[in-house]
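Colleague: Here the working numbering is used: the sequence shown runs in plain steps of one and ends on residue 188.
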Amino acid sequence: MSSSSPALSELVREYQSTQLEHKRTTEQLRKAAIHDIGDLCDTATTSLSAQLTRVLDNQREIESLSRDCALLVQQHTRSTTKWTKLVDQFSGALKELGDVQNWAQVIERDMLDVAATLEVVHASLNPADTT
Numbered sequence: 058m059s060s061s062s063p064a065l066s067e068l069v070r071e072y073q074s075t076q077l078e079h080k081r082t083t084e085q086l087r088k089a090a091i092h093d094i095g096d097l098c099d100t101a102t103t104s105l106s107a108q109l110t111r112v113l114d115n116q117r118e119i120e121s122l123s124r125d126c127a128l129l130v131q132q133h134t135r136s137t138t139k140w141t142k143l144v145d146q147f148s149g150a151l152k153e154l155g156d157v158q159n160w161a162q163v164i165e166r167d168m169l170d171v172a173a174t175l176e177v178v179h180a181s182l183n184p185a186d187t188t
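1. Specify the secondary structure class of asparagine 159 as computed by DSSP and reduced to three states.
2. Rounded to the nearest angstrom, what separates alanine 180 and valine 171 at their Cα positions?
3. Suppose you measure from the CA of leucine 86 to the CA of glutamine 76; what does that come to, to the nearest Å?
4. I need the DSSP call for asparagine 190, collapsed to helix, strand or coil.
5. Whole angstroms is fine: what's the gap from arginine 124's alpha carbon to isoleucine 94's?
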């Protein structure tokens with residue numbers, strides 16, 4: 058039994074040594090994994106931060122362009138309203154000119170009727186002056 062005792066002790070020492078080496082390796086791998094996960098998180102955070110900054114910059118630019126566009130629409134609306142009023146005024150003025158022209162034509166016809174009537178009356182009163 059004494060011969061097996063040293064072999065058993067050797068096996069126990071070998072087992073303990075292997076276990077210790079396994080624990081060291083596991084601890085090194087765990088530390089490396091934690092370090093790598095930290096690096097991955099840092100990289101992801103940096104990338105997301107950069108993308109978020111780009112998104113926020115784009116949002117600010119869109120908001121600025123939207124405000125500019127709204128101002129231009131307001132200016133265009135005011136300009137369109139002014140042009141509409143001018144066109145309405147011009148249209149009214151043209152209508153008035155047409156009314157004046159029509160009135161002048163009516164007056165001219167009436168005056169021609171009066172002149173013709175006067176000629177007939179004059180001719181009937183002075184039959185000798187008919188030329």
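Heads up, the beta-carbon is just placed ideally off N, CA and C, and yes, glycines get one too.
Modeller: According to the structure data:
1. Counted from its first residue, the sequence shown places residue 159 at position 102. Secondary structure at asparagine 159: helix, using DSSP grouped into helix, strand and coil.
2. Locating residue 180 in the sequence shown gives position 123, where the first residue counts as 1. Locating residue 171 in the sequence shown gives position 114, where the first residue counts as 1. Answer to the nearest angstrom: the Cα atoms are 14 angstroms apart.
3. Counted from its first residue, the sequence shown places residue 86 at position 29. Counted from its first residue, the sequence shown places residue 76 at position 19. Taking the straight line from one Cα to the other gives about 15 angstroms.
4. There is simply no residue 190 to check, as the chain begins at 58 and stops at 188 in what is shown.
5. Counting from 1 along the sequence shown, the entry for residue 124 is found at position 67. Counting from 1 along the sequence shown, the entry for residue 94 is found at position 37. Each residue's Cα considered, the two are about 44 angstroms apart.
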